[in-house]
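Student:
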Amino acid sequence: MKTNLLKILEIIKLGEKLKSEMRHSWLSNGRQESVAEHTWRVTLMAILIEPYLEQKVDTSKLLKMITIHDLVEAEAGDIPAFDTMDNPAAKELKALNEIKSIEKIRDTLGNSLGNDLYDLWFEFENKETYEAKVANALDKLEAQLQHNEADLSTWLEIEHGMSFLMGKHVEFDQTLQLLKDLIESEAEIKLKEAGKDTELIKNSVLTK
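Residue numbers for the sequence shown, in full-length UniProt numbering: 1 to 208.
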């Protein structure tokens, strides 16, 4: 038991790094967001939205999947989606580094728990099960919600268009579609208030 607890402590200490691993998102008070903060709010969203999902969900599995998904970034770092969007080589390198990290986590624990976390991480990545689709959707929605709450000056130009690309992540569930619409509407209002032509932005990304 002591040996197992020492291994668990090692992974818990790895998780501490997520408190200082920063994302390309800012908070409403102007401070940059950490990965740990993002992960925490995705889990909160899962707890609150779970009763309204169209299908029965394994809540324990969903929360574990969300919690473990970003743990690899303690070693691999947080790479924004726009950095790999049109760069296959960067996307492949990111995937390889994250796989190495989850393999290290699995091997550190060296038991069924390690294998379970490893399997959950890949389940999220593959986005085939209902829980994985929900986890992925909430991950994307929380990121946009945080952008909405931050000052528009913290957004990159590419993120203006990305505000209207969340539909593909929620098309499997009507509740998540409605949540997406609310978050997207907030983004559109924010952009319009800053004098941005949102119809032009939408057309530029949705017609690609």
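Quick reminder that beta carbons are idealized off the backbone N, C-alpha and C, glycines included.
Rounded to whole angstroms, what is the Cα-Cα separation between methionine 1 and asparagine 111?
Tutor: 12 Å
Student: If we ignore side chains and look at the alpha-carbon of each, how far apart do glutamate 6 and leucine 113 end up?
Tutor: In the sequence under discussion, the amino acid at residue 6 is leucine, which differs from the glutamate named in the question. Those two C-alpha atoms are separated by around 14 Å.
Student: Using 8 Å for Cβ pairs, my map puts glutamate 184 next to serine 204. What's the rounded Cβ distance?
Tutor: Contact doesn't hold; Cβ gap of about 16 Å is too wide.
Student: Note down, in chain order, each residue of its chain lying with its Cβ closer than 7 Å to the Cβ of valine 57, except the 5 sequence neighbours on either side.
Tutor: Glu50, Tyr130, Glu131, Val134
Student: Can you give the Cα-Cα distance for histidine 38 and threonine 207, rounded to whole angstroms?
Tutor: Each residue's Cα considered, the two are about 30 Å apart.
Student: Identify, in the order they occur along the chain, each residue of the same chain with its Cβ nearer than 7 Å to the Cβ of glutamate 142, setting aside the five sequence neighbours on each side.
Tutor: His38, Arg41, Val42, Met45
Student: Grouping DSSP H, G and I as helix and E and B as strand, with all else coil, what is arginine 23?
Tutor: strand
Student: Can leucine 117 and isoleucine 66 be called in contact, C-beta distance under 8 Å?
Tutor: no
Student: Buried or exposed: arginine 23, going by 16 or more other Cβ atoms within 10 Å of its Cβ?
Tutor: Label assigned to arginine 23: buried.
Student: Might you give, ordered along the chain, the residues of its own chain that have their beta carbon closer than 7 Å to the beta carbon of asparagine 115, omitting 5 neighbours on each side?
Tutor: Arg106
Student: With a threshold of 8 Å on Cβ separation, who are the neighbours of glutamate 167 within its own chain once the five nearest residues in sequence on each side are excluded?
Tutor: Correcting the residue type first, residue 167 is glycine in the shown sequence and not glutamate. The answer, listed in chain order, is Gln177, Lys180.
Student: Taking buried to mean at least 16 other C-beta atoms within 10 Å of its own C-beta, is leucine 120 buried or exposed?
Tutor: buried
Student: In chain order, which continuous runs of the beta strand (DSSP E) of length 3 or greater are located wholly inside the UniProt domain "HD" (16 to 171)?
Tutor: Segments of the beta strand (DSSP E) lying fully in the UniProt domain "HD" (16 to 171): 22 to 26, 32 to 34.
Student: Kindly list the residues whose CB is nearer than 6 Å to the CB of lysine 17, restricted to its own chain and excluding five residues on each side of it in sequence; keep chain order.
Tutor: Ala74
Student: Using the Cβ count rule (16 or more neighbours within 10 Å means buried), how would you classify glutamine 174?
Tutor: Exposed: under 16 other Cβ atoms inside 10 Å.
Student: Give a yes or no on whether the C-beta atoms belonging to alanine 150 and serine 28 are separated by under 8 Å.
Tutor: Less than 8 Å divides the Cβ of alanine 150 from the Cβ of serine 28.
Student: What residue does the alpha helix (DSSP H) around threonine 198 start on, and which one ends it?
Tutor: 198 to 206
Student: Cβ atoms of valine 35 and aspartate 70: under 8 Å apart, would you say?
Tutor: Yes, Cβ-Cβ distance for aspartate 70 and valine 35 is below 8 Å.
Student: Work out the CA separation of glutamate 33 and asparagine 148 for me, nearest whole Å.
Tutor: 13 Å
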